[in-house]
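Peer 1: Position in the sequence shown counted from 1, then plus 45, gives you our numbering.
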Amino acid sequence: MNEVKKEGMLSVIIPSYNEELNILNTTRTVARILDAQQIVFELIFVDDGSKDRTYEKIKEAKKEECRVRGIHFSRNFGKESCIFAGLAEAQGACAVVMDCDLQHPPEVIPKMYALWQEGYEVIEGVKVSRGDESLAHKLSAGLFYKIISRCSGIDMESSSDFKLLDRKVIDTLSELKERNTFFRALSFWVGYRSTTIEFQVAEREFGTTKWSVRSLAKYAVNNVTSFSAAPLYLVMGMGILFIICAVILGIQTLAHFLIGDAVEGFTTVILLILITGGVIMLSLGIIGYYIAKIYDEMKERPRYIISERV
Ligand code: UDP
Ligand code: MG
């Protein structure tokens, strides 16, 4: 499919889920900005199994702008899958991933492109403000980035999916076999000559955010476990703490026994059983989660299924 790696061409990858209101506007805005800078480009819309008329809009955009390409997933596979599908489809010498709602300002793309021409292979977009988001969203996103930054040792509080990648990086990422990917962290992980560029998170152009608090929480848990084994260490830590408590309690109980007033020990017994049960169950839960992950990866299912394309 992508045997033609066009000289200096930029592939713009746009994951879109229920974005019927944004497609045409985004196409025009991006095309205008890139044409003004005389950057050769292609626009790849990845429709994540939208339930609205997103795919029809992509076809419309294709009629209006021949450099548009569209992929339609058979169902909703999530933004990560969109990004990887887009990277696999990209024919450019470099590719930029951006949101369909123009919250990643397209004005920054030419600057990223210039940095790429200077020889950088990964150009990370760094947020300087989080735009207008609900408090719950802000808090949960904040907490999520704190956790993942701690677990993975990468500062991701201000990082985003808005990045420009060189062909080498695209090929490396496409070769990765893992299914539960976390694009934002993987682009750090692969290394290469990288730099950052700051951008202001814009207001969402049309429509509403596609993330509920629930889906964000799921995304957070999924990414923490797919990128680090820290929760397993947490279990270990809790186990150690528990053992220390048990030793102290044990000594106390023994002392009482030796003194001779150890008649009513039931509260301690019940407490101990409860704590043990709780810790064991939690640990099993976390271990089970990892086993489920291993199972998932073993199946080597495709990351996405494309049902149509233009
Ligand atoms: N998106 C997607 N699949 C999903 C959810 C979101 O492709 O299941 C896309 C969405 O169309 C948008 C981008 O991911 O282009 C970011 O989503 P959104 O703007 O809703 O997230 P926010 O900016 O609020 O974090
Ligand atoms: Mg958005």
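Ideal Cβ positions, reconstructed from N, Cα and C, are used throughout, including at glycine.
Going by CA-CA distance only, name the one from Ile59, Gln162 and Lys213 that's closest to Ile116.
Peer 2: Ile59
Peer 1: From this set, Gly53, Ile78 and Ala130, which residue's C-alpha is nearest Pro150's C-alpha?
Peer 2: Ile78
Peer 1: Taking C-beta to C-beta, are Ser56 and Phe90 nearer than 9 angstroms?
Peer 2: no
Peer 1: Name the two residues that bound the continuous beta strand (DSSP E) containing Glu243.
Peer 2: Ser239 to Gln245
Peer 1: Looking only at its own chain, which residues have a Cβ that is under 7 angstroms from the Cβ of Glu48, when we skip the five neighbours before and after it?
Peer 2: Only weak support is given to the placement of Glu48: the predicted model assigns it a pLDDT of 47, under 50, and the question is left unresolved by the model.
Peer 1: Compute the distance between the beta-carbons of Asp206 and Arg229, then report whether it is under 9 angstroms.
Peer 2: yes
Peer 1: Helix, strand or coil, according to DSSP, for Pro60 in the structure here?
Peer 2: strand
Peer 1: State buried or exposed for Glu101, treating a residue as buried only when at least 16 other CB atoms are found within 10 Å of its CB.
Peer 2: Around the beta-carbon of Glu101, fewer than 16 other beta-carbon atoms lie within 10 Å, marking it exposed.
Peer 1: Considering just the uninterrupted stretch of the alpha helix (DSSP H) at Ile68, what are its terminal residues?
Peer 2: Ile68 to Ala81
Peer 1: Three-state secondary structure (DSSP) at Ala140?
Peer 2: strand
Peer 1: Are there any heavy atoms of the ligand UDP lying less than 8 angstroms away from the beta-carbon of His301, as far as the coordinates show?
Peer 2: no
Peer 1: Does Leu160 come out as helix, strand or coil in the three-state DSSP assignment?
Peer 2: helix
Peer 1: Nearest-angstrom Cα distance between Ser126 and Leu317?
Peer 2: 45 angstroms
Peer 1: How long is the line joining the alpha carbons of Tyr190 and Val173, rounded to whole angstroms?
Peer 2: 15 angstroms
Peer 1: Using 9 angstroms as the threshold, is the C-beta distance between Asp146 and Glu250 below it?
Peer 2: yes
Peer 1: What do you reckon, are the CB atoms on Asn63 and Lys96 nearer than 9 angstroms?
Peer 2: Closer than 9 angstroms, so yes.
Peer 1: What did DSSP end up calling Asp172 once you bin it into helix, strand or coil?
Peer 2: Note that residue 172 is Lys in the sequence shown here, rather than Asp. Lys172 falls in the strand class under three-state DSSP.
Peer 1: Met157 to Thr270, Cα distance in whole Å?
Peer 2: 31 angstroms
Peer 1: So for Asp341, helix, strand or coil by DSSP?
Peer 2: helix
Peer 1: Between Asn70, Asp80 and Tyr165, which has its C-alpha nearest Thr99's C-alpha?
Peer 2: Asn70
Peer 1: Along the chain, where does the beta strand (DSSP E) containing Ser205 start, and where does it finish?
Peer 2: It spans Ser204 to Asp211 - the beta strand (DSSP E) in which Ser205 sits, taken as one unbroken run.
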